[in-house]
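Okay, so here's the structure we're looking at.
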Amino acid sequence: MILIGFMGSGKTTVARILGERLDKKIIEMDEEIVESAGKSIPEIFSEEGESGFRKYEFEVLKDFSHSDAIISTGGGVVTFEDSFEIIKSTEKKVIFLNADFDLLYSRISGDIKRPLASQPTDEVKDLYNKRIAMYKDCSDIEIDTSSGLEETILKIIDFME
Ligand code: S3P
Numbered sequence: 001m002i003l004i005g006f007m008g009s010g011k012t013t014v015a016r017i018l019g020e021r022l023d024k025k026i027i028e029m030d031e032e033i034v035e036s037a038g039k040s041i042p043e044i045f046s047e048e049g050e051s052g053f054r055k056y057e058f059e060v061l062k063d064f065s066h067s068d069a070i071i072s073t074g075g076g077v078v079t080f081e082d083s084f085e086i087i088k089s090t091e092k093k094v095i096f097l098n099a100d101f102d103l104l105y106s107r108i109s110g111d112i113k114r115p116l117a118s119q120p121t122d123e124v125k126d127l128y129n130k131r132i133a134m135y136k137d138c139s140d141i142e143i144d145t146s147s148g149l150e151e152t153i154l155k156i157i158d159f160m161e
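So the sequence shown is residues 1 to 161, counted in my numbering.
Dropping the structure here:
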């Protein structure tokens with residue numbers, strides 16, 4: 001299973017809980033990227049730019065795309081064509097976690113660990129609007145997470161059965 005969705009959609013938390021309930025390993029892509037690059041996400045963005053970050057992200061996705069783990073992606077993974085293609089063509093179930101922009105933004109605004117969330121609100125909103133079609137295009141199901149974590153988990157487990 002691959003979890004996709006904008007920053008703040010709960011991918012990491014949902015992956016952790018699903019991992020416990022379904023007894024599966026989880027891969028947190030951002031953590032893997034930090035490990036393979038040997039530096040933090042803000043450092044990668046400032047030293048190598050977003051394009052440098054996307055290349056690390058693609059390598060990590062490629063390495064884990066055949067594993068049985070639950071993969072929690074970063075919100076921008078769909079914007080890099082090669083990564084998008086992996087997600088679009090995988091046999092794994094791809095779950096798109098979504099919510100209204102305002103709810104997502106309230107969870108991420110001012111987070112210094114997320115370089116793209118610290119731009120002006122309008123620019124973050126533009127990113128969200130541009131990405132929505134990509135998330136929809138490569139996912140098997142879209143889950144509205146605004147009804148809460150437990151409801152989200154149950155909807156995913158139900159879908160996977
Ligand atoms: C990004 C989302 C982040 C992280 C990086 C870029 C994005 O992951 O990969 O800061 O482009 O939306 P989360 O979605 O886990 O915050």
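Note that beta-carbon positions come from the ideal geometry of N, C-alpha and C, so glycine has one too. The model shown is predicted, which means the values in this text are computed figures rather than measured ones.
Does the structure place the stretch 141 to 150 close enough to the stretch 69 to 79 that three or more beta carbon pairs sit under 8 Å? No contact exists between the stretch 69 to 79 and the stretch 141 to 150.
Classify residue 160: buried if its beta carbon has 16 or more other beta carbons within 10 angstroms, exposed otherwise. Within the sequence shown, numbered from 1, the residue matching residue 160 stands at position 160. Around the beta carbon of residue 160, fewer than 16 other beta carbons lie within 10 angstroms, which makes this residue exposed.
Could you pull the start and end residues of the beta strand (DSSP E) that residue 85 belongs to? Taking the sequence shown and counting its residues from 1, one reaches residue 85 at position 85. No beta strand (DSSP E) holds residue 85; the alpha helix (DSSP H) holding it covers 81 to 89.
Mind checking who residue 144 pairs with in its DSSP beta bridge? As a first step, residue 144 is located in the sequence shown; it is residue number 144 there, counting from the start. DSSP lists 98 as partners of residue 144.
Assign residue 72 to buried or exposed, taking buried as 16 or more other Cβ atoms, counted over all protein chains shown, within 10 Å of its Cβ. As a first step, residue 72 is located in the sequence shown; it is residue number 72 there, counting from the start. Here residue 72 is buried: its Cβ has 16 or more other Cβ atoms, across all protein chains shown, within 10 Å.
Assuming residue 108 and residue 8 form a contact by the criterion Cβ under 8 Å, report the distance between their Cβ atoms to the nearest whole angstrom. The sequence position of residue 108 within the sequence shown is 108, counting from 1. The sequence position of residue 8 within the sequence shown is 8, counting from 1. Right, their Cβ atoms sit about 4 Å apart.
By Cβ distance, which residues of its chain are closer than 7 Å to residue 52, with the 5 residues on each side in sequence left out? In the sequence shown, the residue the question calls residue 52 occupies position 52. Excluding residues within five positions, the ones whose Cβ falls inside 7 Å are 44.
Inter-stretch contact at 8 Å, needing at least 3 Cβ pairs: the stretch 15 to 24 / the stretch 129 to 141: The answer is no - the stretch 129 to 141 does not touch the stretch 15 to 24, with fewer than three Cβ pairs under 8 Å.
Element boundaries [alpha helix (DSSP H), containing residue 35]: Sequence index remark: in the sequence shown, residue 35 carries index 35 (1-based). Start and end: 29 to 37.
Nearest to residue 93 by alpha carbon, out of 157, 82 and 17? Along the sequence shown, read from residue 1 onward, the residue named residue 93 stands at position 93. Residue 93 has its Cα closest to that of 157, out of 157, 82 and 17.
DSSP three-state call for residue 112: helix, strand or coil? If you number the sequence shown from 1, residue 112 lands on position 112. Three-state DSSP puts residue 112 in coil, outside helix and strand.
Exposed or buried, residue 5, counting other C-beta atoms within 10 Å across all chains shown (16 or more means buried)? Your numbering for residue 5 matches position 5 in the sequence shown. Counting the other Cβ atoms within 10 Å of the Cβ of residue 5 gives 16 or more, which makes it buried.
Specify the secondary structure class of residue 72 as computed by DSSP and reduced to three states. Stepping through the sequence shown from its first residue, residue 72 is reached at position 72. The answer is strand: DSSP assigns residue 72 an E or B state.
Using 8 Å as the threshold, is the stretch 86 to 101 in touch with the stretch 54 to 72, meaning 3 or more CB pairs across them? Yes, since at least three Cβ pairs between the stretch 86 to 101 and the stretch 54 to 72 fall closer than 8 Å, the two stretches touch.
Please list the terminal residues of the continuous alpha helix (DSSP H) segment that includes residue 64. Translated into the one-based positions of the sequence shown, residue 64 becomes position 64. Element bounds for residue 64: 41 to 64.
When we look at the beta-carbon of residue 139 and count the other beta-carbons within 10 Å, is it buried (16 or more) or exposed? Residue 139 sits at position 139 when you count from the first residue of the sequence shown. Residue 139 should be labelled buried.
Does the CB of residue 128 have a neighbour CB from chain D at under 8 Å? Absent here is chain D; the protein component of the structure consists of one chain.
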